[in-house]
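So for the sequence shown, this note's numbering puts the first residue at 37; every next one is plus one. Don't be surprised by glycine CBs; every beta carbon is placed ideally from N, CA and C. Report on the following structure.
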Amino acid sequence: MTIRLSPPRAMFLLLLSLSLFGCNHTDCNAVRNTTINSTKWDALLKLCSECLTAEEMKTLQAQKQLYERANLQWLLGEQTVQEALNAATVSSNNDVSEILKNMPSQGQMSSEGASSQGAFGPWVIPESVLFLYADLHDDQGSIVHVPSATAFILCVPHRKDGTQMQNSFVRFLVTARHVLDPEWAHCQGKNPTSITIRMNKRAGGVGYETVLLEVNHKRRFLTPSDDTSDVAVLFLDRTLIPNLDTYKFFDIPFRLMPTQAETEAFHKSQKIMTAGLQPQFPGERENLPIFRDGLLSNTPTEAVNVSCGGSKTTPLHTWFLTAMIPKGVSGAPVFSIVNRGPGAPLPVLVGIQSIAWPDQGVAGMTPSPVLADFVHDLLDKAHFDVDFYRGPEKRSCGGQ
């Protein structure tokens, strides 16, 4: 029988054997490129001690402790030693905002690292957002796809006899309402009849899926009854995108919605992070979301009159952010960090990016409780027996 080792594991065993037998010519570049989960931690530290500085050794061990506190061990293990060092920003208050930025993309993870074991988390933010393209006509009448906004996928698992059904869930494509319904927000231009979604393919590259927004004179997208909420959803299934299985993405599970207590505990200067489309450079071979971070500035309960570029304004239920948000990020998920249990800071979905005043460093988002209540009402009226649990427990929810 022939035993075949993966390249990272084979490289590590070679390096370790050279070290154990006294060879002094350890390839430190190879050590830094060793995948952390390729061997036992103590053996890895022994090898690293020959190549890393004392400060780097301290940082590497601190990274491991921080990831364990945040329940991210599975994700740390897919990084190389150097990637873990690059992502290291360990502070006294367990701030993981920088770690969110530097998580490896899905292409750097094993196929079973996320969805199949229910270990999903939007720490991998680049894989949780999709790009939306407006369908315009050029002078020759041909359709031109123009990058315009961002979206994400929310997933709600089913129940069966009080327990979660494996691989059974309801998906929604979520974005800002003004993206699909600009006339409602008094934006310039008429409502589009279709929109194109750009996603990363599992086999590599990107694919474009055009979705009709109206069928038989009926809107395909849904909006809350409260006309001040800048959020819209589409049921996402194979009726909407027949070849959905050919794309890779991460769902955002409903459990990452904040609880009422967590929402009430949000405060001014609470750190937030989002990622979305940069229209000037969406990426050629894959979607390349651009990260933006900032602070929660204010959470007014009254509607705010907002202009979409025209003379009329629209009253919106919005929370203000201190953040530099450019055009194209509308509809992106906005995350923050909360403590769900001792020593376990975890991300929660706090809102959907809605409006921005980039020249003033101010933006606004639709608070996620609006989306949570809307989805709850939709599924309740449709008599779906789904799981609206919100908390740290890992429950699989169909990420691709």
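Burial of Phe285 is indicated by the presence of at least 16 other C-beta atoms within 10 angstroms of its C-beta.
For Ala239, no beta strand (DSSP E) encloses it, and the DSSP letter there is neither H nor E. Put simply, the segment 206-226 touches the segment 188-195. At least three CB pairs are less than 8 Å apart. When secondary structure is reduced to three states using DSSP, Phe290 falls in the helix class.
Setting aside the 5 residues that flank it on each side, Cys223 is surrounded in the same chain by His214, Cys344, Gly345 and Gly346, each with a C-beta closer than 8 Å to its C-beta; the list follows chain order. By the criterion of a C-beta distance shorter than 7 Å, Thr358 is surrounded in its chain by Gly330, Leu331, Ser333, Gly397 and Val398, once the five residues flanking it on both sides are discounted. If you compare the alpha carbons of Ser366, Gly364, Pro383 and Thr402 with that of Ile373, the shortest gap goes to Pro383. Taking every protein chain shown into account, the CB of Cys64 has fewer than 16 other CB atoms within 10 angstroms, so this residue is exposed. Between the C-alpha atoms of Ala418 and Asp409 there is a straight-line separation of about 14 Å.
When the five nearest sequence neighbours on each side are left out, the beta carbons in the same chain lying within less than 6 Å of the beta carbon of Glu245 are those of Ile233 and Ile277, in order along the chain. Residue pairing from DSSP places Pro351 in a beta bridge opposite Asn341.
Contact annotation: the segment 251-271 does not touch the segment 283-302, with fewer than three C-beta pairs closer than 8 Å. Of the candidates Phe257, Gly243, Ser204 and Gly241, the residue whose Cα lies closest to the Cα of Asn227 is Phe257.
Closest option to Met93, judged by alpha-carbon separation, among Gln118, Thr75 and Arg426: Gln118. Going by DSSP, Asn65 is part of the alpha helix (DSSP H) stretching over Cys64 to Arg68. The segment 259-268 and the segment 279-297 do not touch, with fewer than three beta-carbon pairs separated by less than 8 Å. In the three-state DSSP reduction, Gln316 falls in the coil class, being neither helix nor strand. By the 16-neighbour rule on beta-carbons within 10 angstroms, Asn323 is buried.
Within the segment 167-226, the complete beta strand (DSSP E) runs of at least 3 residues fall at 179-196 and 199-211. Beta-bridge partners of Gln389 (DSSP): Met401. A residue is called buried once 16 or more other Cβ atoms fall within 10 Å of its Cβ, and Ile179, having fewer, is exposed. In the three-state reduction of the DSSP assignment, Thr282 falls in the helix class. The residue among Leu385, Pro183 and Lys363 with its C-alpha nearest the C-alpha of Leu407 is Leu385. Judged by their CB atoms, Ile288 and Ser164 are nearer to each other than the 7 Å cut-off.
The beta carbon of Ile326 sits closer than 6 Å to the beta carbons of Gln314 from its chain, once the five residues preceding and following it are set aside; these are given in chain order.
Boundaries for Asp273: no alpha helix (DSSP H) harbours it, and the DSSP string shows neither H nor E there.
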